[in-house]
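Let me begin by presenting the structure, written as structure tokens, before commenting on it.
Residue numbers (the numbering used here), protein chains in the order written: chain A, 1 to 473; chain B, 474 to 697.
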């Protein structure tokens with residue numbers, strides 16, 4: 001069942017109907033029993049009076065009854081009936097109202113009245129009582145009666161249609177009352193349920209009012225039922241997370257735009273200034289190579305961005321190859337060696353030749369290039385860059401370190417943010433848009449490893465990469 | 474006119490300086506915020522072109538400090554930050570103009586010229602002193618109907634004198650506004666160039682335009 005309201009309504013109504021039916025049945029049964037008992041008591045009283053009037057007179061059974069005083073046996077309409085049997089089953093006496101029909105009653109038992117429902121001659125429902133007794137012997141007291149005196153059975157029956165119509169009336173009354181109560185309670189329950197669920201509607205309206213441009217809004221329904229407080233809190237938490245993520249996205253986009261604008265401005269400015277007058281070939285060549293350098297940097301930045309986006313979207317598939325790390329470090333260093341030489345930076349690859357790992361060579365080479373590029377950029381003139389490698393059973397560790405770091409420990413935590421820069425500015429060439437470390441971190445994470453950045457004593461900036469060994473993957 | 478470019482993106486800094494020098498400005502450059510403030514406090518620049526995101530001191534902080542110390546140089550903010558809030562913050566902190574990267578170099582040049590005119594309360598880009606006419610936009614000069622052909626340095630000198638026409642301008646002031654920080658020129662060079670300029674603009678039989686005020690400097694177009 002989809003609708004909460006329907007569920008509540010059906011639950012409440014069927015519960016109520018069940019209770020009403022059970023109660024009605026109990027009430028009916030109790031009242032019926034009381035009425036029948038009352039009827040039977042009066043029937044039994046009549047039977048006893050009849051029984052008391054039976055006497056043995058000279059071995060003959062005499063019914064000394066004044067029928068004037070008991071008119072019910074004489075009535076034309078719905079009369080009462082009696083019949084008296086001897087021990088041997090022969091009829092001793094019977095009421096005139098029986099006509100020729102025999103009265104079929106229950107077997108009596110001595111000392112107790114036995115009751116039975118039956119149908120009267122006229123087809124009406126009736127009840128009968130059977131008594132077994134020893135009749136009095138005329139002239140003797142009751143305690144002088146001989147023990148072996150024969151037993152008589154008296155059955156008295158009476159029309160019970162009054163009782164039945166009363167019970168029928170009661171049944172109908174209970175049925176109608178139950179149906180009426182259920183109908184009314186359906187209406188009441190519908191109202192109550194609707195009222196009770198109204199906070200859900202206002203919550204829905206609240207949620208509907210939140211658009212993607214309006215994520216600062218929070219859900220607040222007043223007054224809110226306590227059961228819904230956790231839902232509201234969870235939704236608001238979700239909104240906060242969404243807002244933070246949207247904001248990050250926005251900042252990221254703004255940063256990307258900003259970082260692309262600056263080199264674009266440089267390129268445009270170079271071209272416009274160069275075109276402003278006729279120049280000699282050397283000047284044109286210088287301008288063109290400047291523009292080429294800028295466009296290369298921009299391309300690298302766009303590539304990095306694309307890689308980041310692909311990592312985030314899980315669109316990169318990694319190969320798994322045995323990599324000789326020292327060799328990979330050397331080949332990654334090659335493009336930067338000229339620049340390092342210009343700045344008097346010494347590079348030392350201390351990764352042992354036997355250090356190997358199973359990973360994706362392209363990604364790992366990209367990681368090392370980014371780290372070495374950063375290192376060349378930020379190492380002090382005449383400083384040092386070195387790489388170390390280590391392996392044990394569980395993992396392979398590679399560290400790229402350089403001297404000349406002016407970072408503080410607080411800045412370290414920001415070091416892996418996109419577009420973070422050492423002094424929130426671009427480097428001279430515009431190549432270092434701060435994407436490098438973020439890219440390294442995400443690539444290594446995608447390769448199953450982790451990245452830590454730390455500043456050691458003496459301004460040594462070290463990035464440590466830990467990659468799991470293949471059997472641990 | 475002397476400009477300071479505080480811009481840390483080297484290719485842009487280089488091409489801006491080149492273009493502005495070719496347009497007749499004396500240009501100092503730096504890519505560092507702290508150094509930029511030091512330059513700006515130590516010299517009377519006509520216009521400072523200021524980037525906002527800089528290593529060292531940020532652009533807005535430089536601007537605040539300049540204004541707090543009472544420096545009157547006109548400041549043009551040149552930045553990639555393009556939001557309304559950024560522009561408003563920049564202008565409210567005392568910047569005179571705001572240009573977003575990337576930009577057309579000609580627009581930057583026009584804005585810098587406008588700021589220069591403004592620093593000398595000169596709204597008209599066509600200056601006329603007696604029968605000498607100077608078109609500040611095209612950098613052409615006429616005496617009566619005859620067009621004069623000046624070198625870049627001579628024109629820059631004349632423009633500065635014309636901006637301050639009728640006032641005595643000292644050699645130091647000329648040196649500060651016409652020569653770059655790194656140039657080897659001394660204030661003697663000013664006298665040499667005044668001589669060159671006189672030769673080109675003065676005409677025999679007409680009243681002299683540039684007069685020497687002994688011990689103080691020069692006046693362009695002063696009444697006798």
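Even glycine gets a Cβ: it sits at the ideal position worked out from N, Cα and C.
{"Item": "Within chain B, partners of residue 276 (chain A) - CB distance below 8 Å", "Value": "492, 495 and 578"}
{"Item": "For residue 693 (chain B), the three-state DSSP class (helix, strand or coil)", "Value": "strand"}
{"Item": "Proximal residues of chain B, C-beta to C-beta of residue 280 (chain A) below 7 Å", "Value": "Per Cβ cutoff of 7 Å: no residues; residue 280 (chain A) is ~14 Å from chain B at best."}
{"Item": "At least three beta-carbon pairs within less than 8 Å, the segment 602 to 614 of chain B to the segment 558 to 567 of chain B", "Value": "no"}
{"Item": "Contact list for residue 262 (chain A) against chain B, beta-carbon separation under 8 Å", "Value": "482, 485, 553 and 574"}
{"Item": "Reduced DSSP secondary structure (H/G/I, E/B, other) of residue 596 (chain B)", "Value": "coil"}
{"Item": "CB of residue 311 (chain A) within 7 Å of CB of residue 446 (chain A), strictly", "Value": "yes"}
{"Item": "Whole-angstrom distance between residue 315 (chain A) and residue 213 (chain A), CA atom to CA atom", "Value": "28 Å"}
{"Item": "Cβ shell of residue 654 (chain B) (< 8 Å), same chain only, five flanking positions each side left out", "Value": "501, 512 and 516"}
{"Item": "DSSP-derived helix/strand/coil call for residue 402 (chain A)", "Value": "strand"}
{"Item": "Proximity of residue 119 (chain A) and residue 106 (chain A) at Cβ, strictly below 7 Å", "Value": "no"}
{"Item": "Counted within 10 angstroms of its Cβ, other Cβ atoms place residue 546 (chain B) as buried (16 or more) or exposed", "Value": "buried"}
{"Item": "Own chain partners of residue 31 (chain A) with C-beta closer than 8 Å, once the 5 adjacent residues on each side are dropped", "Value": "167 and 170"}
{"Item": "Spatially closest choice to residue 63 (chain A) from A:385, A:398 and A:54, by CA coordinates", "Value": "A:54"}
{"Item": "Residue 458 (chain A) versus residue 403 (chain A) - alpha carbon distance", "Value": "8 Å"}
{"Item": "Contact the segment 240 to 250 of chain A vs the segment 448 to 466 of chain A: 3+ CB pairs below 8 Å", "Value": "no"}
{"Item": "CA-to-CA distance, residue 398 (chain A) to residue 464 (chain A), given in whole angstroms", "Value": "6 Å"}
{"Item": "Cutoff 6 Å; reference residue 519 (chain B); Cβ partners in own chain excluding five residues on either side", "Value": "474, 475, 589 and 592"}
{"Item": "Expected contact under 8 Å - CB spacing of residue 92 (chain A) and residue 152 (chain A) to nearest Å", "Value": "6 Å"}
{"Item": "Residue 651 (chain B), DSSP secondary structure in three states", "Value": "helix"}
{"Item": "Euclidean distance between Cα positions of residue 453 (chain A) and residue 406 (chain A)", "Value": "14 Å"}
{"Item": "Residue span of the beta strand (DSSP E) that contains residue 682 (chain B), given as start and end", "Value": "Premise fails: residue 682 (chain B) is in no beta strand (DSSP E) and is neither H nor E."}
{"Item": "C-beta neighbour in chain A for residue 521 (chain B), strict 7 Å", "Value": "no"}
{"Item": "Cβ contact (3+ pairs, closer than 8 Å) linking the segment 364 to 374 of chain A and the segment 324 to 333 of chain A", "Value": "yes"}
{"Item": "Collapsed DSSP secondary structure at residue 462 (chain A) in the structure displayed", "Value": "strand"}
{"Item": "Presumed contact (8 Å Cβ cut-off) between residue 549 (chain B) and residue 585 (chain B), rounded CB distance", "Value": "7 Å"}
{"Item": "Near-chain E residues of the segment 521 to 542 of chain B - C-beta to any C-beta below 9 Å", "Value": "No chain E is present in this structure, whose protein chains are A and B."}
{"Item": "Whole-angstrom C-beta distance between residue 633 (chain B) and residue 662 (chain B), which should lie under 8 Å", "Value": "Actually they are not in contact, since the Cβ atoms of residue 662 (chain B) and residue 633 (chain B) sit about 14 Å apart, beyond 8 Å."}
{"Item": "Any chain A beta carbon closer than 7 Å to residue 489 (chain B)", "Value": "yes"}
{"Item": "Near-chain B residues of the segment 242 to 271 of chain A - C-beta to any C-beta below 9 Å", "Value": "254, 257, 258, 259, 260, 261, 262, 263, 264, 265, 266, 267, 268, 269, 270 and 271"}
{"Item": "C-beta neighbour in chain B for residue 294 (chain A), strict 7 Å", "Value": "yes"}
{"Item": "Touch test, the segment 205 to 221 of chain A against the segment 233 to 247 of chain A, Cβ-Cβ under 8 Å, three pairs minimum", "Value": "yes"}
{"Item": "In DSSP terms, what residue 468 (chain A) is bridged to", "Value": "A:395"}
{"Item": "Cut-off 7 Å between Cβ atoms - residues of its own chain near residue 190 (chain A), not counting five sequence neighbours on either side", "Value": "9"}
{"Item": "Three-state secondary structure (DSSP) of residue 343 (chain A)", "Value": "coil"}
{"Item": "Boundaries of the beta strand (DSSP E) in which residue 456 (chain A) is found, first to last residue", "Value": "450 to 456"}
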